[in-house]
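Asks:
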Amino acid sequence: MKIFLIILFSTLLLSCKGLVIGGVDIGKAVDITSKAVSDNEINQEQEVVLGEQMTSIILGASTLHPDKNLQTYVNRVGQWVAMQSERTSLHFYFAVVDTQAINAFAMPGGYIIVTSGLIDLLDNEAELAAVLAHEIAHVNFKHHVKAIEKAQSATLLTDLALFAGDVYQAKEGSSDYYQNRAIAESLFNSTITLYSKGLERDDEFHADSSAVTLLARSGYDPYAMAQVLQKLSVLNADDSNLQLLFNSHPHPTDRLSSIENTYDRLTLSEGEILSDRFKMFVK
Amino acid sequence: MKAALFLMLLICSLSINANNSTEAFVTKNVHLKAEPSNHATAITEVAKDQAVVISERQGGWYKAQFQHAIGWIKIFYIRFKASSNTETRSGLGALFSSTQSAHSDVTLTTGVRGINEKQLSEAKPNWLALHNMKEQHTSKEVAELFAKAGLLEKQTVQYAKQEENR
Numbered sequence: 001m002k003i004f005l006i007i008l009f010s011t012l013l014l015s016c017k018g019l020v021i022g023g024v025d026i027g028k029a030v031d032i033t034s035k036a037v038s039d040n041e042i043n044q045e046q047e048v049v050l051g052e053q054m055t056s057i058i059l060g061a062s063t064l065h066p067d068k069n070l071q072t073y074v075n076r077v078g079q080w081v082a083m084q085s086e087r088t089s090l091h092f093y094f095a096v097v098d099t100q101a102i103n104a105f106a107m108p109g110g111y112i113i114v115t116s117g118l119i120d121l122l123d124n125e126a127e128l129a130a131v132l133a134h135e136i137a138h139v140n141f142k143h144h145v146k147a148i149e150k151a152q153s154a155t156l157l158t159d160l161a162l163f164a165g166d167v168y169q170a171k172e173g174s175s176d177y178y179q180n181r182a183i184a185e186s187l188f189n190s191t192i193t194l195y196s197k198g199l200e201r202d203d204e205f206h207a208d209s210s211a212v213t214l215l216a217r218s219g220y221d222p223y224a225m226a227q228v229l230q231k232l233s234v235l236n237a238d239d240s241n242l243q244l245l246f247n248s249h250p251h252p253t254d255r256l257s258s259i260e261n262t263y264d265r266l267t268l269s270e271g272e273i274l275s276d277r278f279k280m281f282v283k
Numbered sequence: 001m002k003a004a005l006f007l008m009l010l011i012c013s014l015s016i017n018a019n020n021s022t023e024a025f026v027t028k029n030v031h032l033k034a035e036p037s038n039h040a041t042a043i044t045e046v047a048k049d050q051a052v053v054i055s056e057r058q059g060g061w062y063k064a065q066f067q068h069a070i071g072w073i074k075i076f077y078i079r080f081k082a083s084s085n086t087e088t089r090s091g092l093g094a095l096f097s098s099t100q101s102a103h104s105d106v107t108l109t110t111g112v113r114g115i116n117e118k119q120l121s122e123a124k125p126n127w128l129a130l131h132n133m134k135e136q137h138t139s140k141e142v143a144e145l146f147a148k149a150g151l152l153e154k155q156t157v158q159y160a161k162q163e164e165n166r
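Protein chains in written order, with the working numbering: chain A, 1 to 283; chain B, 1 to 166.
1) Going by C-alpha distance, which of A:Phe278, A:Asp254, A:Glu260 is nearest valine 212 (chain A)?
2) Spatial neighbours of threonine 55 (chain A) within its chain, please: CB distance less than 6 Å, with the 5 preceding and 5 following residues excluded, ordered by chain position.
3) Decide if methionine 225 (chain A) is buried, meaning its Cβ has at least 16 other Cβ atoms within 10 Å, or exposed.
4) Residues in the same chain with beta-carbon distance under 6 Å from serine 62 (chain A), minus the five sequence neighbours each way, listed in chain order, please.
5) Report all residues from its chain with a CB closer than 6 Å to the CB of histidine 309 (chain A); omit the five preceding and five following residues, and keep chain order.
6) Leaving out the 5 sequence neighbours to the left and right, which residues in its chain are closer than 7 Å to glutamate 127 (chain A) when beta-carbon positions are compared?
7) Give the interface partners of tryptophan 72 (chain B) over in chain A, defined as CB-CB distance under 7 Å, in chain order.
8) Relative to the alpha-carbon of tyrosine 77 (chain B), which residue among B:Ser121, B:His31, B:Gln67 has its alpha-carbon at the smallest distance?
9) Between the segment 140-153 of chain B and chain A, which residues of the former have CB atoms less than 7 Å from a CB of the latter, in chain order?
10) Given this structure, state the Cα-to-Cα distance separating lysine 28 (chain B) from proline 250 (chain A), to the nearest angstrom.
11) Glutamate 270 (chain A) versus chain B: which residues are under 7 Å apart at the beta carbon?
12) Answer with yes or no whether the minimum CB distance from valine 234 (chain A) to chain B is below 8 Å.
13) Name, in chain order, the residues that DSSP records as bridge partners for alanine 95 (chain A).
14) For leucine 132 (chain A), count the other beta carbons within 10 Å of its own beta carbon; 16 or more makes it buried, fewer makes it exposed. Which is it?
15) Flag this pair as yes or no: are the beta carbons of alanine 137 (chain A) and leucine 214 (chain A) separated by less than 8 Å?
16) Between methionine 225 (chain A) and chain B, is any beta-carbon pair separated by less than 8 Å?
17) Compare the C-beta of isoleucine 136 (chain A) with all C-beta atoms of chain B and state if any pair is closer than 8 Å.
18) Which value, in whole angstroms, describes the spacing of the CA atoms of phenylalanine 94 (chain A) and phenylalanine 66 (chain B)?
19) Can you have a look at lysine 48 (chain B) and say buried or exposed, based on whether 16 or more other CB atoms are within 10 angstroms of its CB?
20) If you follow the beta strand (DSSP E) that glycine 173 (chain B) is part of, which residue opens it and which one closes it?
21) Return helix, strand or coil for tyrosine 73 (chain A), following the three-state DSSP convention.
22) If we ignore side chains and look at the alpha-carbon of each, how far apart do arginine 217 (chain A) and tryptophan 80 (chain A) end up?
23) Three-state secondary structure (DSSP) at lysine 33 (chain B)?
24) What number of angstroms, rounded off, separates the C-alpha of glutamine 53 (chain A) from the C-alpha of proline 125 (chain B)?
25) At the 8 Å Cβ level, is glutamine 197 (chain B) part of the contact set with chain A, yes or no?
26) In chain A, which residues lie less than 8 Å from glutamate 23 (chain B) when you measure between Cβ atoms?
27) For glutamine 84 (chain A), count the other beta carbons within 10 Å of its own beta carbon; 16 or more makes it buried, fewer makes it exposed. Which is it?
28) Tell me valine 26 (chain B)'s beta-bridge partners as DSSP assigns them.
29) Let me see if you follow: with CB-CB separation under 8 Å, is serine 196 (chain A) close to chain B or not?
30) Out of B:Phe146, B:Ile70, B:Val26, B:Ala42, which has the shortest C-alpha to C-alpha gap to lysine 81 (chain B)?
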């Protein structure tokens, strides 16, 4: 019966191709949803929409930093590093949120948020690039998408993708994002769980290791990643500003131990640090 | 008067040195190297958990003083003492950077507003902020020019082996 319903639903969706209602391209949304129904995997378009939803929730927990020059600077550094990753078809977006909390977040589809508290901890552009490279690596290797796929039942994953399709349709100024409360809550809960509890330790170590390569490819000092981890390691885990960081990531000393292997395996050039340019934008 | 001036200068100098170096310890038995290189001569051996004073970084090496000897130890074998909740970061900038931080006086205190689990769970989606975030997007062309201005040159570097298997 369930299979029959899925087939029926898919057929109905497919019959909508090319249909535009109220300026909304239903056909495009159907492309997204029918793909999800058929292979139960999130494609890049769905990933971007899903990432937008998650980003809006993270942004709802803080506020964007008012310094436009700082935002532009972080976007330029981030974009340059992202261009050295494998997913060049993605548009990467970066933002600084105004909080003394020390953390950074990557959302599926290329959305990356870093706190001003973390930027305050840094001393040069290479270290900023290291933080962003770690988050870019999470996007590059779809760590969050895989975590959702692993945590959710197959049905719920399809629902999430369908929901993403709904949101895509409702994008043009509609306030109807939460028409399906159950699915909305699933998405919301997935986001909170993911960003409160964090990814698997191996994914974090993987992102650290990949960040070293991305830094080196970008022409930055590749050891800036190890330096950032040293800085994090001296911070007190009991500090409320670090609560989320330490809850969601392995301890920096474990990350330092893990990343040593990466440096041993790579042949690395010196790279740029760019302290002066960093100070021009980070006050 | 001259002696007093000399004394003041000496105190200032000692104070600067104190701010630019930091106590740490080594995580395993290591050699204190004459240069920041695996191939450099070993000056002496530093046993696990021994205290050293770190003054600067060069690539993957920290310049370290052990007793009366000064040399270099790999960044991975050094751990610094964790800071207290109320410690200012005025020392940290000097501790780690080869340059002085322009914003090193941030105080880490408890109870300051930040993103925590509770705030996340109470968050409402902020679509306007998302829109503004997307407005800040930098094009690849601008990023290329930005990199060029910073003398950043693309390098060909593979991922370490563990990534290739994923």
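Idealized CB from N, CA, C, for every residue including glycine.
Replies: Reading from the atomic positions:
1) A:Glu260
2) Met107, Tyr111
3) buried
4) Val97, Thr99
5) There is no way to answer for residue 309 (chain A), as the model of chain A reaches only from 1 to 283.
6) Ala224, Gln227, Val228
7) Those do not exist, as tryptophan 72 (chain B) stays about 13 Å from chain A at its closest Cβ, beyond 7 Å.
8) B:His31
9) Lys140, Val142, Ala143, Phe146, Ala147, Gly150, Leu151, Leu152, Glu153
10) 21 Å
11) Gly59
12) yes
13) A:Ile113
14) buried
15) yes
16) no
17) no
18) 43 Å
19) exposed
20) There is simply no residue 173 (chain B) to check, as chain B begins at 1 and stops at 166 in what is shown.
21) helix
22) 10 Å
23) strand
24) 7 Å
25) Residue 197 (chain B) lies beyond the stretch modelled for chain B, which goes from 1 to 166, so this question has no answer here.
26) Chain A residues near glutamate 23 (chain B): none, gap ~11 Å exceeds 8 Å.
27) buried
28) B:Ile78
29) yes
30) B:Val26
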